[in-house]
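I have placed the structure first, in the form of structure tokens, so that the comments after it can refer back to it.
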Amino acid sequence: MLIDRHRQVVVGATFVGSGVAELLYSAKVAITGEVPVERLWHAVPAFPTISEVWLRLLETRRDS
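In my numbering, the protein residues as written are 184 to 247.
Below you can see the structure in the form of structure tokens.
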């Protein structure tokens, strides 16, 4: 995940592996909508699946 630190929005993401299709859609929405990273914290997946990876990615970015 690539975050524009000045605007605090996701500007790119790359996923590899099986089951990444649902992550691609989430990334597209976040990137094209220029959703602030802080707001993404509140977009918890309704059904914890692979899409919960978003929260783990955001956790790693919060500390850096």
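Don't be surprised by glycine CBs; every beta carbon is placed ideally from N, CA and C.
CA-to-CA, the gap between TRP224 and VAL199 works out to about 22 Å.
As for any alpha helix (DSSP H) of minimum length 4 sitting wholly inside the stretch 187 to 219, the runs are 204 to 215, ordered along the chain. A distance below 9 Å separates the beta carbons of VAL192 and PRO219. A distance below 6 Å between beta-carbons, with the five flanking residues on each side excluded, links ARG188 to no residue of its chain.
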